[in-house]
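**Q** One structure is given below, represented as structure tokens, and several questions about it will come after.
Chains as they are written, first to last, in the working numbering: chain A, 1 to 191; chain B, 1001 to 1083.
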């Protein structure tokens, strides 16, 4: 086996295997000290009931795993952190051929009045029966575990919202604030 | 399989992702290094989630049992050193 003379003054010699082990430990130490590996930055851009789940689930899972997590709510995603989110978050079968329907239905019928309400209550019932946490519970978990909920100022303006329309604890920021977070986060997701 | 002695028991039956991991992380925060948390879940996703969570948070998944309808995990609290 090849030997590497690591310390000429003392005459100590390390084997290649020992050097590799030292390098491995140093890399592991550096990885542990890498703060960006413990940060997650998520954009929530959709405002339907089904798409409200992924950002909240991933944000709370990140916090549970000891990460600093931030979710930026922009465009329709603002619905999720609106005080009236329970009424605003709906799901529609229109344009979603993957959505399971109780009876087979032509696309033209999925847009009829009442369909959105039916699909929404169907999903809520199904999720509750299966034991999936509600949006309110996930928001609570996020708040309790320190996930930052940040609302996009520009879209608030465009949609005519006021800052007081949003839930307690919501912060406000823009693309600059997101980028500043994102460049220090290994995990960045656009949802 | 030998029965492990736990310091705390957490019932996550009926919960789905991400709640078992959220509850585990909350319970673990109240334990001391070396103490063991026993968790029971019915969410099959826990088979992957629990060991991944333990590894990322510097804790140890000592043992787990697949009892068919329920899954049992024994997690030992680490000394606080992350990952």
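Backbone N, C-alpha and C define an ideal beta-carbon position, used for all residues, glycine too. Source: prediction; values computed, not measured.
#1: Touch check for the stretch 1008-1024 of chain B and the stretch 48-55 of chain A: three-plus C-beta pairs under 8 Å?
#2: Have a look at B:1033, B:1032 and B:1077 and flag the residue whose alpha-carbon is nearest the alpha-carbon of residue 1050 (chain B).
#3: Can a CB atom of chain B be found closer than 9 Å to the CB of residue 58 (chain A)?
#4: Okay, do the stretch 41-52 of chain A and the stretch 12-25 of chain A touch, 3+ Cβ pairs below 8 Å being the bar?
#5: Whole beta strand (DSSP E) runs in the stretch 1005-1069 of chain B with 3 or more residues, listed along the chain?
#6: For residue 133 (chain A), count neighbouring C-beta atoms within 10 Å of its own C-beta (all shown protein chains included) and say buried if the count is 16 or more, exposed if not.
#7: Using beta-carbon positions only, say whether residue 73 (chain A) and residue 44 (chain A) come within less than 9 Å of one another.
#8: Give me the chain A residues within the contact set of residue 1050 (chain B), using Cβ-Cβ distance strictly less than 8 Å, ordered along the chain.
#9: In angstroms with no decimal places, state the Cα-to-Cα distance between residue 94 (chain A) and residue 180 (chain A).
#10: On a CA-only basis, which of B:1008, B:1012 and B:1025 is nearest residue 1080 (chain B)? Give me that one, please.
#11: Which residues of chain B have a Cβ atom closer than 7 Å to the Cβ of residue 130 (chain A), listed in chain order?
#12: Who are the Cβ neighbours of residue 123 (chain A) in its own chain at under 8 Å, not counting the five residues just before and after it?
#13: Which ranges does the alpha helix (DSSP H) cover as unbroken runs of at least 4 residues, wholly within the stretch 115-168 of chain A, from first to last along the chain?
#14: Below 8 Å, can you find three or more Cβ-Cβ pairs linking the stretch 107-116 of chain A to the stretch 172-189 of chain A?
#15: Could you tell me which of A:163, A:103 and A:96 sits nearest to residue 79 (chain A), measuring between CA atoms?
#16: If you run the structure through DSSP and keep just helix, strand and coil, what is residue 1083 (chain B)?
**A** In short:
#1: no
#2: Cα-wise, what sits closest to residue 1050 (chain B) is B:1077.
#3: yes
#4: Cβ pair count under 8 Å is below three, so no.
#5: Restricting attention to beta strand (DSSP E) runs no shorter than 3 residues, the stretch 1005-1069 of chain B encloses them at 1008-1012, 1036-1041 and 1060-1066, ordered along the chain.
#6: It is buried - the Cβ of residue 133 (chain A) has at least 16 other Cβ atoms within 10 Å.
#7: In this structure, residue 73 (chain A) sits near residue 44 (chain A), with a CB-CB distance shorter than 9 Å.
#8: In chain order: nothing, as chain A lies at least about 11 Å away.
#9: For residue 94 (chain A) and residue 180 (chain A), the distance between alpha carbons rounds to 37 Å.
#10: B:1025
#11: Under the 7 Å cutoff, chain B gives 1016.
#12: 49, 50 and 91
#13: 115-130, 135-144 and 153-159
#14: no
#15: A:163
#16: For residue 1083 (chain B), the pLDDT reaches just 48, beneath the cut-off of 50, and the residue's location in the model is therefore unreliable, although a value from the coordinates is still provided. In the three-state DSSP reduction, residue 1083 (chain B) falls in the coil class, being neither helix nor strand.
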